[in-house]
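Asks: Take this structure, written in structure tokens, and hold onto it; I'll ask about it next.
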Amino acid sequence: MDIERREVATGSGPVTTFELGEGPVVGFLHGPAGLDEPTACMRDLAVDHRVVAPCLPGFGPTPGDPTLRTVHDWVVFLSELTDRLGLVGSRWVASSVSAMLALELAAVRPEAFRSLVAVAPTGLWDPDDPGVDLYSLSLTDQEAHLVADEEVRTALATLPEGLDADGLVELGVSRYVRRRTAASLVWPLPDHGLADRLHRVVAKVVLVWGAEDRIVPPSYGERFADLLPTATVVPPIVGAAHLVALDAPAAVAAIVRDDSG
Amino acid sequence: MPYPDLPDGFADQHRSVWVDIDPGLYDPEVGHRAYHDYLDELEYAASVGFDGICVNEHHANGYGLMPSPNLMAATLARSTDDAAIVVMGDSLALYNPPLRVAEELAMVDGLSGGRLVAGFPVGTPMDTCFAYGMNPLTLRERYHEAHDLVVRAWTAEEPFAFNGTYTKLRYVNPWPRPVQQPHPPIWIPGGGSVETWEWCAEMDYVYSYLSYFGYKAGQATMRGFWQRMADLGREPNPFQAGFIQFVGVADTDAEARRLYREPAEYFFNRCLHLYPPFADPPGYQTEATVRAGVEGMVARAAARSADRKKAPTGSSTDGSFTFDEMVERGYVVIGSPTSVAEQLVNVATTLNVGNLMLLLQFGNMDRDLTMFNTDLVAREVLPEIRGLFEDEWEHRWWPTPMGAGRRRSVGGVR
């Protein structure tokens, strides 16, 4: 499968973007693990779609932008990015913190998305069902909470072959920076007021959860659905944790296919 | 300023001394006595001739009962006459607006007649990111902005507007203003990052390395600091550096080991019982520090070394330290006055440090033993370590109080 990698100019600097496949266009926003190359879910979807997957600043090859301090900063950036990608009004998939940002953007810019498959979005807070504080866990435990499948987890933790010492250093720093960036979006709590804005979202939203998600428990699916005007909740995917698209790539791709918009 | 009654088996039964320590362990009556004991001990140190007395800031912490160092400093400003009041210090990013720090420290400087040292730590990740919810990503930017506001507030000759990223004030005009002009000396507690060394050099501030792991472990950091200062063309004035050291003195080495074993073990094996992830939230370390750490790991891996850079751990299976290890590794300097004086001269000269901050109370050491320790150090150790550097170097970072004739007596009326 041909993969095109290009740099998309934005006010936050060039954004590394992967494009693959042919067919209806789907924008794909990665989760807290970042994006070094197209994932299995993106490749599955690209069999019959044109997948456009930008790496957000600080999540891999796209450098961090120190002016992105608040959720508001990120929403303004994401709005610009959808313009620069030419994907305003398209179908999108987004995971975890980026699903929260996508919902924030959909609330203030209703035309931004035609539809959104939101995979385990952060952004709400129930004190009686708070979920695990991911960043108070050891790195090993963080990985176990993000991904349920041990093989996937091992693959994520495995160092790419052929990296020299400089490459290993850059990879280590990059992994720290993406944890830093993801954490900053949910620190100290993920609630930035999204609940008060979700009623403005007009795009159709499909809510997807992993049944083993302990970071944002599956019960949050109904909470989001109650606040969104047009949302459906897919039954939680068994065997998947928070990063559903990594644990169950085919299942998520199938849900996106079913989402005809 | 540890809570003195953490139970036996604390480390086995509780996850951490910091952040999520069990509130049920805190007895307010024990706290009441502890505060007065600690203030007595600091006042006693001032009365027997110590140059300064220190207070610090911690939150949700079983070994640091001072969420507000300024409250304690204000009390000490009234109850002491000559010692410097060293606030080590206010974690600037935690104050909203940070102008509050400029105001409160100006009050302490005023109360004390100009005896304040203003320490400005970034603050530990446990205090700032977990207990106070600061976003690790923006903590340091917030800290530096707060520093700029405080210093400008102290020195501006007219009210001004402050348009920061995190603090916006139309009118900045603190009353009172500090006695010391242009402002009290500023000391920066640090943990060994290159950025902090460079900032201290640039701002002409004291760099204080506050490690609980003693002078042997501190050598690499202080060497790095002085090397960086040399690279930047700065003179190696030892008074621009501070270092903290646990000290226990008795008439003989054997007696010192007998007296200080329990307090040391209490401190290192209960008060430092920290759940490790609380010490490293993503974003707390600067990218440069992370890069240096990763480079070190890669280099060691390449050399097939089994050593890994990490905080010192004890030899027992649960990571705790034996007293012998604490002494051997230099975490605690223990012994007779002669022995301790020799060791402290060695610490000061080896690290090139002109400001030694001696922890004479640690762990669950009671008031009587603390005062015994304090008294013996004052009488028999201080004379041996004072004046090591005065002939060659000027201490430009020490408070400059009002003259005795201008200062009002601080005696009360009751």
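The listed protein sequences correspond, in order, to chains A and B.
Quick note on numbering: the numbering used here labels position 253 of the first sequence as 253, and the sequence is numbered without any gaps.
Just add 261 to the spot in the second sequence (first one is 1) and you have the numbering used here.
Don't be surprised by glycine CBs; every beta carbon is placed ideally from N, CA and C.
Tell me which residues share the same chain as B:Tyr-527 and place their Cβ nearer than 7 angstroms to its Cβ, disregarding the 5 neighbours each side in the sequence.
Replies: Within the same chain, B:Tyr-527 has close Cβ partners Gly-624 and Asn-625.
Asks: Identify whether A:Leu-124 lies in helix, strand or coil by the three-state DSSP scheme.
Replies: Of the three classes helix, strand and coil, the one that applies to A:Leu-124 here is coil, per DSSP.
Asks: Whole angstroms is fine: what's the gap from A:Val-132's alpha carbon to A:Val-216's?
Replies: Whole-angstrom Cα-Cα distance: 8 angstroms.
Asks: Just to confirm my understanding: we take B:Ser-597, look at its own chain, exclude 5 residues before and 5 after, and list those with CB closer than 6 angstroms. What are they?
Replies: Correct list, in chain order: Thr-513 and Asp-514.
Asks: Select from the stretch 120-148 of chain A all residues with a C-beta closer than 7 angstroms to any C-beta belonging to chain D, and list them in chain order.
Replies: The displayed structure is made up of protein chains A and B, and chain D is not among them.
Asks: Is it right to say B:Asn-357 is buried, meaning 16 or more other beta carbons lie within 10 angstroms of its own, or is it exposed?
Replies: Counting Cβ neighbours within 10 Å, B:Asn-357 comes out exposed, since fewer than 16 surround it.
Asks: Closest to B:Leu-621 by CA distance: which of B:Val-278, B:Glu-302, B:Phe-271 and B:Ala-272 is it?
Replies: If we check each option's Cα against that of B:Leu-621, B:Glu-302 comes out closest.
Asks: Please work out which residues of its chain come closer than 7 angstroms, Cβ to Cβ, to A:Ala-46, disregarding the five sequence neighbours upstream and downstream, and give them in chain order.
Replies: Once the five neighbours on either side are set aside, the close Cβ partners of A:Ala-46 are Met-1, Leu-20 and Gly-21.
Asks: Whole angstroms is fine: what's the gap from B:Pro-397's alpha carbon to B:Glu-406's?
Replies: Rounded to the nearest angstrom, the two C-alpha atoms are 15 angstroms apart.
Asks: In whole angstroms, give me the CA-to-CA distance for B:Phe-633 and B:Glu-463.
Replies: Straight-line Cα distance between these residues: approximately 41 angstroms.
Asks: Along the beta strand (DSSP E) that carries B:Ala-345, what are the first and last residues, could you check?
Replies: Where B:Ala-345 is concerned, the enclosing beta strand (DSSP E) stretches over 345-349.
Asks: Mark A:Lys-204 as exposed unless 16 or more other C-beta atoms lie within 10 angstroms of its C-beta, in which case mark it buried.
Replies: The residue is buried, with at least 16 neighbouring Cβ atoms inside 10 Å.
Asks: Going by C-alpha to C-alpha distance, which of A:Gly-167, A:Pro-24, A:Pro-218 and A:Pro-54 sits closest to A:Arg-6?
Replies: With distances taken between Cα atoms, A:Arg-6 lies closest to A:Pro-54.
Asks: Anyone know if the C-beta pair for B:Tyr-468 and B:Gly-451 falls short of 8 angstroms?
Replies: Yes; because the gap between Cβ atoms is below 8 angstroms, this pair is in contact.
Asks: If you follow the beta strand (DSSP E) that A:Ser-115 is in, where does it begin and where does it stop?
Replies: Unbroken beta strand (DSSP E) run through A:Ser-115: 113-119.
Asks: Rounding to the nearest angstrom, what Cα-Cα distance links B:Asp-636 and B:Tyr-299 in this structure?
Replies: Roughly 15 angstroms between the two C-alpha positions.
Asks: Since B:Lys-429 contacts B:Phe-423 with CB under 8 angstroms, what's their CB separation in whole angstroms?
Replies: That pair is a contact at about 7 angstroms.
Asks: Quick one, which residues of the stretch 158-173 of chain A are near chain B if we go by CB-CB under 7 angstroms, in chain order?
Replies: Within the stretch 158-173 of chain A, the residues whose Cβ lies closer than 7 angstroms to some Cβ of chain B are Ala-165, Leu-168, Val-169, Gly-172 and Val-173, listed in chain order.
Asks: Which residues in chain A sit within 7 angstroms of B:Asn-396, going by Cβ to Cβ distance?
Replies: The answer, in chain order, is Ser-184 and Trp-187.
Asks: Report yes if the CB atom of A:Arg-69 is closer than 8 angstroms to the CB atom of A:Arg-91, and no otherwise.
Replies: Result no, Cβ atoms of A:Arg-69 and A:Arg-91 do not sit closer than 8 angstroms.
Asks: Chain B beta carbons: is any one of them nearer than 8 angstroms to that of A:Tyr-176?
Replies: So, interface residue.
Asks: Taking a Cβ distance cut-off of 7 angstroms, strictly less, list which residues of the stretch 553-566 of chain B are near chain A, in chain order.
Replies: Going along the stretch 553-566 of chain B in chain order, one finds Val-555, Glu-556, Val-559 and Ala-563 with a Cβ nearer than 7 angstroms to chain A.
Asks: Can you check which of these residues, B:Glu-365, B:Arg-276 and B:Asp-266, is closest to B:Trp-537 by C-alpha distance?
Replies: First, the amino acid is wrong: residue 537 of chain B is Pro here, not Trp. When only C-alpha atoms are compared, the closest one is B:Arg-276.
Asks: Taking buried to mean at least 16 other C-beta atoms within 10 Å of its own C-beta, is A:Thr-16 buried or exposed?
Replies: Buried.
Asks: Quick check: is the beta carbon of A:Arg-214 nearer than 8 angstroms to any beta carbon in chain B?
Replies: Output row for A:Arg-214: interface = no.
Asks: Quick one, which residues of the stretch 68-87 of chain A are near chain B if we go by CB-CB under 8 angstroms, in chain order?
Replies: Within the stretch 68-87 of chain A, the qualifying residues are Arg-69.
Asks: To the nearest angstrom, how far is the alpha carbon of A:Phe-262 from that of B:Asp-541?
Replies: This structure cannot speak to residue 262 of chain A, because chain A is shown only from 1 to 261.
Asks: Taking C-beta pairs closer than 8 angstroms, name the residues in chain A that B:Glu-548 reaches, listed in chain order.
Replies: Under the 8 angstroms cutoff, chain A gives Val-173, Tyr-176 and Val-177.
Asks: What three-state label does DSSP hand B:Arg-403 in the structure shown?
Replies: B:Arg-403: helix per DSSP, three-state reduction.
Asks: Is there a Cβ from chain B that is less than 8 angstroms from the Cβ of A:Gly-261?
Replies: Summary for A:Gly-261: the model assigns pLDDT 43, below 50, so the residue's position carries little reliability; its value from the coordinates is reported in the next sentence. For A:Gly-261, the answer is no, since every Cβ of chain B falls outside 8 angstroms of its Cβ.
Asks: Do you know offhand how far B:Glu-556's Cα is from B:Thr-550's?
Replies: If I take the Cα positions, the gap works out to 10 angstroms.
Asks: Please check the pair A:Val-208 and A:Val-234, which I expect to be a contact at CB under 8 angstroms, by giving their CB distance rounded to whole angstroms.
Replies: About 5 angstroms; that satisfies the 8 angstroms criterion.
Asks: Restricting to Cα atoms, I'd like to know which of A:Phe-59, A:Gly-11 and A:Gly-193 is closest to A:Ala-33.
Replies: The shortest Cα separation from A:Ala-33 among A:Phe-59, A:Gly-11 and A:Gly-193 belongs to A:Phe-59.
Asks: Taking just the CA atoms, how far does B:Trp-460 sit from B:Ala-502?
Replies: About 13 angstroms.
Asks: Quick one: give me the first and last residue of the alpha helix (DSSP H) that A:Thr-154 is part of.
Replies: Segment 150-157, the alpha helix (DSSP H) holding A:Thr-154.
Asks: Taking 8 angstroms as the threshold, find out whether the stretch 596-612 of chain B comes into contact with the stretch 265-282 of chain B through three or more Cβ pairs.
Replies: Result no; under three Cβ-Cβ pairs closer than 8 angstroms.
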